[in-house]
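Below: the structure, in structure tokens.
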Amino acid sequence: MKKYNLILLLFVALVGCTIDDYNQPSDFSKPQVFTTGIYNISASTIANSIPISIDDFSSLTDVSQGVVSRYWVIENGTRFLNSEFTRKDSLDLARFIDPELGNIHWKDVVHVLFQEEGETTVTLKNKFNKAVSLYGNDAVQTTDGLWELTTVFKYDVYAKLNAEASVKNLEDGKEVILAANQNPSIDNTSGFTTITIEAGSKLTFKDLTTIGRPSDRIWDFKGGQPATSTEIEQVVTYNRVGEYTAILTVSRAKKGNKTLRYSEQTKAIPVIVKVIPSTKPFTINGNAFAVADTDNIPGTKNIAFRVNGILESFTGLTNNFSVNVVNGSFNQNFTVTSAKVSSTDETMIELELAQPILNSDTVKLSYNGTAIKAIDDRQLLPFTNATVSPLLINYLANAFNPSFEEASQSSTTGAQSYTHFVVGNNLSQITNADGSLYAARSTEKASDGSASMKYNLVLPLITTQGYFGLINNTVSNSNIPTGDYKLTFDVFIESGNFMGIFNAIQGASSSPSGVGIPFNTPATGEWFTLERTFSVNGTLGGNVVFNVRNADNSGVTGTQVFYIDNLKVLKVETR
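At position 379 of the sequence shown (counting the first as 1) the number is 379 in UniProt numbering, and the numbers step up by one without a gap.
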């Protein structure tokens, strides 16, 4: 039986229109589908739900050729509109509901208003004298001899955004909730809850919004650090005395090629954050640390440290600081030539020294003064021999997969390859009875990121070589200049009594080739770090090789499970 294509106009819109917005084609002898480009429907997309917002509308026009009869059917929660509204009326469409229509309409053009969230449909039923099809759907012959074609348009109706949130005091555990039925404004804070905290304290803000299916958010924390955030949950520190508010804006990206428009909603969090002067001592916060300078001389003249409050600006005071530098027999006190509050962090003091410190130095910082104060008038307490963490430059950038984060891989007869890593020798000889390799990338454990290299093998090895290797070319791809370095990596031993691993840095001037690295684990079941020093006198073109050998594990038997992660090559500055 011969079937005819049906001409159906689908005008799916989110803005008000009149029937005159569409000019009916004059030539009905050609099959065609007219759309406005706002939402395109095809045989491959007809089954997909059209996203649209509640209280918005969709217009559809049937210009089918050879129609005997037609009618549209809508479900509960939707209504037909009359054709008298314009784009200016799109914010209040309910007054244009056609009171004479229920859930059936016979006109060629319909405007459907969606008043309930969730899945719903708009169904068009046409009858023809001949068999027809549309979007892969065939008409069915009815008892009256006509052919009925049923076309169903699915809609996914989104609720309006309605922000919800919580704010929690980390010190006493008290929590304030912004509920969906609240719409507080910072223009009227009379009903807000006051949370009183000391300067330097923290509050946790959390976005709990689900209504309207938001895709993004932005927080605005007056007086807090950070001042803004896009995280679902954000810990905010308040250092300045005063009273502050917070605002949450949730938003939803447009979808469906504009059928679901961009939307956002802003609510104030119903709290007043009252920050009072701290009763806690004003002290150094953590270790001091070396900071890179701008010259090309080895080492750096800059160090810094943070305190547990916002600083008042000061000048001078360099004599209040002392810096002791030790490296072997070298033991000197370096002069501080400048001291100031950081221009980018009001909780940090920056110091400049008369000469550079090196990352192989042991550096201690002391302060003995009374003039440095917080903005709430607390005096910074003196401290002695605070550790200055060295400036370590890691030449293994993430792009070279030093933490096994990149999962791309390929297999050959001889090896299993990952990004910049190869596990060998012959796969048939390094495969466990369960099909797993002696070494393979794993996401079970990681000291950095989410992946590591897992070793799972039985010693002694039964391969013909008595060993197998993990080779990577991260070093030769990292443009490491001439100098002294140390290779570090993290190890986690899950089970077994593995003693060491054979390690070689091919191409290094003082390659530790042929020397095993003893694991010397402090305890099974925790990460620890191993390191190996080497030198580079020219271009480093080789690999880092990890070989597991029977010879390095004499007397070790049974299953050995351990992980390697977080490879680093750190520049060593020597005196």
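Glycine included, C-beta positions come from ideal geometry on N, C-alpha and C.
In this text the structure is predicted, and so the values were computed from the model without any measurement.
| query | result |
| --- | --- |
| Going by C-alpha to C-alpha distance, which of D216, I247, T204 and I211 sits closest to Q234? | T204 |
| Thinking C-beta only, is I276 closer than 9 Å to T245? | no |
| In the DSSP output, what is Y455 paired with across the bridge? | A439 and F562 |
| Would you mind reading off the limits of the beta strand (DSSP E) that contains S59? | F57 to T61 |
| Counting only the same chain and skipping the five closest in sequence on each side, list residues whose C-beta sits under 7 Å from that of G136. | A43 |
| Which residue or residues does DSSP assign as beta-bridge partners of A268? | I247 |
| Does the beta-carbon distance from A163 to V250 come in below 9 Å? | yes |
| Does the distance from the CB of A386 to the CB of L353 come in under 9 Å? | no |
| Pair every Cβ in the region 291-311 with every Cβ in the region 257-267, then say whether three or more of these pairs are closer than 8 Å. | no |
| Looking at the secondary structure, which residues open and close the beta strand (DSSP E) in which I197 lies? | T193 to E198 |
| Check whether the Cβ atoms of F489 and E531 lie closer than 9 Å to each other. | yes |
| On the three-state DSSP scale, how would you describe A446? | coil |
| What do you reckon, are the CB atoms on G449 and F492 nearer than 9 Å? | no |
| How do the region 343-358 and the region 287-302 stand: do at least 3 beta-carbon pairs fall below 8 Å, yes or no? | yes |
| Here's a check: name, in chain order, each residue in its chain whose Cβ is nearer than 6 Å to the Cβ of A253, leaving out the five neighbours to either side. | S215 |
| Rounded to whole angstroms, what is the Cα-Cα separation between A139 and G102? | 26 Å |
| Pair every Cβ in the region 164-172 with every Cβ in the region 118-136, then say whether three or more of these pairs are closer than 8 Å. | no |
| So, with DSSP's three-state summary, where would you put R240? | coil |
| Report the three-state DSSP secondary structure of A304 (helix, strand or coil). | strand |
| What is the residue span of the beta strand (DSSP E) that S133 lies within? | V132 to L134 |
| Skipping 5 residues on each side, what residues in its chain have a beta carbon closer than 8 Å to that of A451? | S403, F404, E405, A407, R441, S442, T443 and D565 |
| Name, in chain order, the residues that DSSP records as bridge partners for G322. | Before going further, note that residue 322 is Ser rather than Gly in the sequence given. Its beta-bridge partners are S366. |
| Does DSSP classify A551 as helix, strand or coil? | helix |
| Does DSSP put A179 in a helix, in a strand, or in coil? | coil |
| Considering only residues of the same chain and omitting the five flanking positions on each side of S342, which have a CB-CB separation below 6 Å? | M348 and E350 |
| Indicate whether K154 and T121 have their beta-carbon atoms separated by less than 9 Å. | yes |
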